[in-house]
Amino acid sequence: AGKILCIPTVFLSYDGTALDLKTPLLRSMEALERQGRRLTGLFGKPEKVFPLVGPEQEYFLVDREKYLKRRDLIYCGRTLFGAPAPKGQELDDQYFGIIRERVGAFMKDLNEELWKLGVTAVTQHNEAAPGQHEMAPIFCAANIAADHNQLTMEMMKRVANRHGLVCLLHEKPFAGVNGSGKHNNWSLGCDTGSNLLDPGDDPMSNQRFQLVLACIMKAVDTHADL
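For reference, each letter of the sequence shown is one residue, going 4 to 229 in the numbering used here.
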């Protein structure tokens, strides 16, 4: 198809009302930077503060021929019917088991394709459910991490097709049925290279860490609906 250029964009109304999901994220980052400068200034020189995210992406790999026989997978991207597995997940046989060669080949190709796009994929392993796996990138600024995760999911589907597989990314639908999600590793970084959530060697006397942690706990308690 030649070369394709992906341009992240935002969508606003004439009066500035956000009509997408990216604009609120960028505005929240600006608000966090303003308050972060104010907070770090209490302990000396103000620093630029920005959120860092490392979203681990879970996924299922299904043989394409078997996938085509399951209309629930085709239409909904997830299991809707079936019987419980004859062997449960109590012993985590899949999670702690070796990665199968076919899956390992997919993971290797996926990493190389993501590196070409600037997505720093570094870790891959089995997940708890049979046929489930996970990919973890190095953390980066929250808005870039969101873009990278969209590229990651798209690339997972493309690379799976090359290996005669289908990649399912649907999140957990209901109790008793496995699904895939994202473990959202989040922190607050500074332009000096420090991390506001780093407790240091002596967290009991690290007042900056204590204050930031207290602010986050208060925010989560007050704005839990968000």
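Idealized CB from N, CA, C, for every residue including glycine.
Secondary structure of residue i, DSSP reduced to three states
i, result
"G107", "helix"
"V215", "helix"
"P133", "coil"
"H128", "strand"
"P176", "coil"
"G182", "coil"
"P140", "strand"
CB-CB length for residue i against residue j, believed under 8 angstroms
i, j, result
"L199", "R211", "7 angstroms"
"D224", "V162", "Going by Cβ atoms, the distance from D224 to V162 rounds to 42 angstroms, so no, they are not a contact pair."
Sub-7 angstroms separation of residue i and residue j beta-carbons
i, j, result
"A139", "E36", "no"
"Y62", "M159", "yes"
"L22", "S16", "yes"
"G192", "F84", "no"
"R81", "L168", "no"
"A131", "Y98", "yes"
"L55", "S190", "yes"
"V122", "I141", "no"
"N129", "H136", "yes"
Any chain B beta carbon closer than 7 angstroms to residue i
i, result
"G179", "Among the chains of the structure shown, chain B does not appear; only one protein chain is present."
Limits of the beta strand (DSSP E) - the one that residue i falls within
i, result
"P58", "V52 to D66"
Burial state of residue i (16 or more Cβ within 10 Å)
i, result
"S183", "buried"
"T195", "exposed"
"H151", "buried"
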